[in-house]
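S.K.: Just passing along the structure, written as structure tokens.
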Amino acid sequence: MSTTHYQQLVEQLKPIVNDPDFDAIFNQLTTGEEGAVRLQLKLELQRLAAPCNRTVDMRSKTTNECKAVEHNGRTHYLDPVSKIIFERGLNTYNGIFTQDTFEQIFKPDNPLRQRYQEEQEERQALQDANQDFVAAYPNAEADIDSYLVESFNLGVERHRHEERMNFSVDVTLATQKQKAIAAVTTDISLSGIRVKLKEACPINVEDSVIVELTGLIREFAFNEARPITYIVVGVEEVDGNVYWRLRRSEDEHLPEMDQFLTGFINGYKRRYKINVDNTEKTLLHQGLTLSFLPRLKRLPLFLNVRHSQCQAMYALATAANQAIVDDWRDDTNRFMINGIWRPHRVRELVEHGQLTLYCFSLIARGKRYFYSATPDELIKLDALESFLWVGQQKPSWRVYHLAYSPVDGNKALFRDSIPEQVDIASRRLAPSATTLGKVAQVNGMVVITNISDSFEQLADTDNAPESLEKVKLFAHKRSGFPATAPIMLSYTDIRQEHRFAFQTRCRISSNEIAATEALTVDISARGMRLALEQPLPLTKGENVTIDCYQLSQRHHVKAVTALQYEVVGVSADQSELHLRVFPNQAQHPGAKFFKRFIHHYKDRLTNNQSESLSSGLEVCLRQLYLTAPSSLPLFFTNKGRRWTLPLVGKSPVKTPWFNFLQKLPGSNDGYLNLQPLLRANALSDPLEPLLNHVCDDKAVTELLLFVHCTEHNGEWLLTTEYLRSSEHAKLGYLIDKGMLSGACRIIHWVFSPKAKVEAKELRAELTYLTQYAAHRADRIRETLSAVAAISDGCDITDSLLAIYGYNTAQRREAAQAWSHVLA
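Letter by letter, the sequence shown follows residues 1108 to 1930 of the working numbering.
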């Protein structure tokens, strides 16, 4: 018998050496062999299968990390290769550590060890070249885990109409395909139940299910014993268990059943506890969102798009993105960005979802004129050199990336997660029907990112190019389109006093405006809010005089006439004002009177919970933005100067960048693999020093992330690099490299300290959650307070490729190449 054949027989027979039918198989495989050979073969198999009483300790024999492995009272110290051989041996010999396994571990020419060494060398070479395999190295699951970050969906409304009580009772289910399915409820409400199945059963959402409430009928006396039809609204698997979420069919009218369940839930909810999982999730996600939105440096525009016509109706303004709004204010202080919407640009934006815009403005004869152009327009009309020469010499020169998403204005209504029948005093006020009607006209959203720093300035500005007349082709008309209304995101409570709802007639006037009738909406000791009978052209910072004549007549006081106030807020339609006493005015007759008035009538006055300067328009727009943001918000925590990334928000908009992250192993509904952001220890360097700077200096910092993917032996290799927008030479080199081979993306990140979340914004959910699970409410507070910095990333690849000279066809080809990564 040849040595090769001998070894093949040994490997073939090892797994069955201890099986009862070993002899029969052995005889069959060794038919024709000499008796001495057969004896030698059997003795060798018995030797290899014999239990080994020796301890394996690889710590002095390898440079790889060794970990302790317990087996039958012995502690072995195994490196990754030894562990794989050890576990395979246990599987082969039915849990017995054998002499064969021991010898395989120490065999120097073991193929597994050789292959592992080759992979290690290859991996080190890749790391030296700042590369890594996409989604972690093969067989290195720990790497994948280090990249997974818990995620939540932005803009998802978790509203419940009814309270659900945790209650477990037997039920019997029946579907069209299967009868008598045993299950138990996990929670119940008036019109729905959630059931846990004892065995898996095929079902689809919207299927009908017949439910017999066998446990309730057995334990409680009520007459409604017939089966009830429910509709499947969700199927989920948690920890290996299958759950169905069911809603009672609208065809089922069961007044006696409703009466019983209402009394049952109200009577037992303190004992069995209301299910507040939904409220807890909503509270956490809302708190994170509120810490992120005020730091939004990108400017969302809310559009009404009809074919090739477009109008930006509103902009969601913050202190961080106010500079973009100011860039587009004309000489009359109107926000005139609607001049950019030329029909072909609208078509391009809607079809491809993004647009690059070069812009500047100039002032002539006291009037401001705006100019805008796309790179493709300038190339087509041979006007690129002229436009850049004129524009880049202006302080107003800007380069913008526009990202478009369709939205549904009817989804702008945000409702809290608390069931409607629960009486909570601090509920959020619903927007008016007028406001909802305005927002319903919105059907698109553009998010503008200022990427001017990525554009390298012209070296030669002395020699003017020919054909400067072509620049006039890109001038905006000064009339013919409406102004856009910037709605300020201002839910941070800067007032130091409680406001109370109180209405009284008054008159408002100023040096420029005659006395006009108004009505107070709410008052505090040092401020008030007025509703005007007709809009007034007042702006923030102006001084006005208030005559509360009706209050003066009723209380016979003159202290509330001719009161001087400062305007601190004006609604979008100029029909509502916020006023305050001048900060440096110690003695104010109105402040003195209203302080006594509020103290005396405090029991009769209602603490005003209305927070929106624009009658709910701001709340609607911020909710509408969350239904389709183009960016990916990250939430960083800092404990003892150690930064971690525990949470990431997911947009419903499936951008190429987001789709790539979703394809990475481990990404699912609850987690997102962020390997491109976190690989090569990026959280320590460069992000940790940057985050320290952001929080210590209250600074906003921008960073680009270059991501490059290439194929290598059937695997995707990943190269990433962080760089500043102003590193033009390096950015140009990386872009050219990415376009030559593989596929690349450039992500624009904005890092900033978190915004303070005012308690009033979360008061309703916190109050409700505290009633039934105070420890959960405390946990939410701790999680939100631990967030120290936030960042949001937006894919600006197409704009940067355009800036660096790549034409439309090349940019489309680059997008196509990226879609093939991990396909």
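Don't be surprised by glycine CBs; every beta carbon is placed ideally from N, CA and C.
Everything numeric in this text was worked out from a predicted model, so none of it was measured.
1. State the Cα-Cα distance for the pair E1357 and S1758, rounded to the nearest angstrom.
2. Once the 5 residues before and after E1649 are set aside, which same chain residues still bring their CB inside 8 Å of it?
3. At which residue ranges does the segment 1354-1412 contain complete alpha helix (DSSP H) runs of 4 or more residues, listed in the order of the chain?
4. Measure the beta-carbon distance from L1781 to V1755 and round it to whole angstroms, keeping in mind my assumption that it falls under 8 Å.
5. Looking at the structure shown, is Q1461 part of a helix, part of a strand, or coil, going by DSSP?
6. For P1740, is the classification buried or exposed, using 16 other Cβ atoms within 10 angstroms of its Cβ as the cut-off for buried?
7. Assign K1861 to one of three DSSP states: helix, strand, or coil.
8. Considering Cα atoms alone, identify which of R1271, V1664, T1915 and D1314 is closest to I1295.
9. Counting beta carbon pairs with one atom in the segment 1863-1882 and one in the segment 1835-1855, are three or more of them shorter than 8 Å?
10. Is Q1917 buried or exposed, if buried means 16 or more other CB atoms sit within 10 Å of its CB?
11. What are the boundary residues of the alpha helix (DSSP H) that includes S1892?
12. How many Å lie between Q1153 and T1170 at the Cα?
13. With C-beta atoms as the reference, is V1412 less than 8 Å away from N1550?
14. Suppose you measure from the CA of A1419 to the CA of R1472; what does that come to, to the nearest Å?
15. Rounding to the nearest angstrom, what Cα-Cα distance links A1249 and A1490 in this structure?
16. Just curious, the alpha helix (DSSP H) that Y1732 is in, first and last residue?
17. Any idea which residues DSSP pairs L1768 with across the strands?
18. Starting from the Cα of K1305, find the closest Cα among L1485, V1318, V1291 and C1816 and give me that residue.
19. Taking contact to mean at least 3 C-beta pairs separated by less than 8 Å, is the segment 1854-1863 in contact with the segment 1808-1827?
20. Measuring alpha carbon to alpha carbon, tell me which residue in L1353, E1458 and S1468 is nearest M1443.
21. Just to check my reading of the structure: G1299 and R1333 have Cβ atoms closer than 8 Å, yes? What is that Cβ distance to the nearest angstrom?
22. Give the range of the beta strand (DSSP E) segment to which G1196 is assigned.
23. So the candidates are D1654, V1256 and D1776; which of them puts its Cα closest to the Cα of V1345?
24. Considering Cα atoms alone, identify which of E1210, L1724 and A1622 is closest to L1520.
25. Here's a check: name, in chain order, each residue in its chain whose Cβ is nearer than 6 Å to the Cβ of G1773, leaving out the five neighbours to either side.
26. Taking the alpha carbon of L1397 as the point to measure from, which residue in Q1564, L1596 and A1632 has its own alpha carbon closest?
27. Roughly how many whole angstroms lie between the Cα atoms of K1702 and I1620?
28. Helix, strand or coil, according to DSSP, for K1474 in the structure here?
29. M1635 lies in the beta strand (DSSP E); which residues open and close that run?
30. If you measure between the beta carbons of R1145 and V1188, is that distance less than 8 Å?
31. Secondary structure at H1835, three-state DSSP: helix, strand or coil?
32. For P1740, write down the residues that DSSP places opposite it in a beta bridge.
33. Determine the burial state of S1586: buried for a count of at least 16 other Cβ atoms within 10 Å of its Cβ, exposed for fewer.
34. Quick one: grab the DSSP three-state call for M1443.
35. Is the beta carbon of R1729 sitting closer than 8 Å to the one on L1423?
36. Keeping to the same chain, check which residues put their C-beta closer than 8 Å to that of P1450; ignore five residues upstream and five downstream.
M.R.: Put simply:
1. Here residue 1357 is taken as the residue at index 250 of the sequence shown, counted from 1. Here residue 1758 is taken as the residue at index 651 of the sequence shown, counted from 1. Just so you know, the alpha carbons of E1357 and S1758 end up roughly 33 Å apart.
2. Taking the sequence shown and counting its residues from 1, the one referred to as residue 1649 is at position 542. Within the same chain, E1649 has close Cβ partners S1617, E1673 and V1674.
3. For the segment 1354-1412, whole alpha helix (DSSP H) runs of length 4 or above, ordered along the chain, are 1362-1379 and 1384-1399.
4. Here residue 1781 corresponds to residue number 674 of the sequence shown, with the count starting at 1. Here residue 1755 corresponds to residue number 648 of the sequence shown, with the count starting at 1. Right, their Cβ atoms sit about 7 Å apart.
5. As a working mapping, residue 1461 is identified with position 354 in the sequence shown. The answer is strand: DSSP assigns Q1461 an E or B state.
6. By 1-based counting over the sequence shown, the position of residue 1740 is 633. Around the beta carbon of P1740, a 10 Å sphere encloses 16 or more other beta carbons of the protein chains shown; the residue is thus reported as buried.
7. By one-based count along the sequence shown, residue 1861 stands at place 754. Coil, per DSSP.
8. To locate residue 1295, count along the sequence shown from 1; it is residue 188. Relative to the Cα of I1295, the nearest Cα in the group R1271, V1664, T1915 and D1314 belongs to R1271.
9. No contact exists between the segment 1835-1855 and the segment 1863-1882.
10. Locating residue 1917 in the sequence shown gives position 810, where the first residue counts as 1. Counting Cβ neighbours within 10 Å, Q1917 comes out exposed, since fewer than 16 surround it.
11. Taking the sequence shown and counting its residues from 1, the one referred to as residue 1892 is at position 785. Boundaries of the alpha helix (DSSP H) harbouring S1892: A1881 to A1893, taken from the DSSP string.
12. Taking the sequence shown and counting its residues from 1, one reaches residue 1153 at position 46. Taking the sequence shown and counting its residues from 1, one reaches residue 1170 at position 63. Rounded to whole angstroms, the gap between the alpha carbons of Q1153 and T1170 is 34 Å.
13. Counting from one through the sequence shown, the residue named residue 1412 turns up at place 305. Counting from one through the sequence shown, the residue named residue 1550 turns up at place 443. Their beta carbons are under 8 Å apart, which means V1412 touches N1550 by this criterion.
14. In the sequence shown, residue 1419 corresponds to position 312, counting from 1. In the sequence shown, residue 1472 corresponds to position 365, counting from 1. Approximately 28 Å, taken between the alpha carbons.
15. Your numbering for residue 1249 matches position 142 in the sequence shown. Your numbering for residue 1490 matches position 383 in the sequence shown. Confidence in A1249 is poor, its pLDDT being 44 and thus under 50, which makes the residue's placement unreliable; the coordinate value appears in the next sentence. Within the model, the alpha-carbon separation for A1249 versus A1490 is close to 54 Å.
16. Locating residue 1732 in the sequence shown gives position 625, where the first residue counts as 1. According to the DSSP assignment, Y1732 belongs to the alpha helix (DSSP H) that extends over L1724 to L1733.
17. Numbered from its first residue, the sequence shown carries residue 1768 at position 661. According to DSSP, L1768 bridges with nothing at all.
18. Walking along the sequence shown from the start, residue 1305 turns up at place 198. Looking at the Cα atoms, V1291 is the closest of the given residues.
19. Output reads yes: the segment 1808-1827 touches the segment 1854-1863.
20. Taking the first residue of the sequence shown as 1, we reach residue 1443 at position 336. Cα-wise, what sits closest to M1443 is S1468.
21. Indexing the sequence shown from 1 puts residue 1299 at position 192. Indexing the sequence shown from 1 puts residue 1333 at position 226. The C-beta separation of G1299 from R1333 comes to about 18 Å, leaving the pair out of contact by the 8 Å criterion.
22. Walking along the sequence shown from the start, residue 1196 turns up at place 89. Looking at the DSSP string, G1196 is not in any beta strand (DSSP E); the run it does join, the alpha helix (DSSP H), is P1187 to T1199.
23. Residue 1345 sits at position 238 when you count from the first residue of the sequence shown. That would be D1776, whose Cα lies nearest to the Cα of V1345.
24. The sequence position of residue 1520 within the sequence shown is 413, counting from 1. For the residues E1210, L1724 and A1622, the minimum Cα distance to L1520 belongs to L1724.
25. By one-based count along the sequence shown, residue 1773 stands at place 666. These residues qualify, in order along the chain: I1251, L1255 and N1780.
26. On the sequence shown, residue 1397 is found 290 positions in, with the first residue counted as 1. It is L1596.
27. Your numbering for residue 1702 matches position 595 in the sequence shown. Your numbering for residue 1620 matches position 513 in the sequence shown. Distance between the alpha carbons of K1702 and I1620: 29 Å.
28. Residue numbering aside, residue 1474 sits at position 367 when the sequence shown is read from its first letter. Strand.
29. The residue labelled residue 1635 in the question sits at position 528 within the sequence shown. Looking at the DSSP string, the run of the beta strand (DSSP E) that includes M1635 is G1634 to L1639.
30. Indexing the sequence shown from 1 puts residue 1145 at position 38. Indexing the sequence shown from 1 puts residue 1188 at position 81. Cβ distance not < 8 Å, so R1145 and V1188 don't count as in contact.
31. As a position in the sequence shown, residue 1835 is number 728, starting the count at 1. Secondary structure of H1835 (DSSP, three-state): helix.
32. Counting from one through the sequence shown, the residue named residue 1740 turns up at place 633. Answer is D1899.
33. Locating residue 1586 in the sequence shown gives position 479, counting from the first residue. Residue environment analysis places S1586 among the exposed positions, since fewer than 16 neighbouring C-beta atoms fall within 10 angstroms of its C-beta.
34. What you label residue 1443 is simply residue 336 of the sequence shown in a count that begins at 1. Correct three-state label for M1443: coil.
35. Numbered from its first residue, the sequence shown carries residue 1729 at position 622. Numbered from its first residue, the sequence shown carries residue 1423 at position 316. Taking 8 Å as the cut-off, the Cβ atoms of R1729 and L1423 count as close.
36. For the purposes of this step, residue 1450 is taken as residue 343 along the sequence shown, with counting starting at 1. Excluding five sequence positions before and after P1450, the CB atoms of its chain that fall closer than 8 Å to its own CB belong to S1415 and Q1416, given in chain order.
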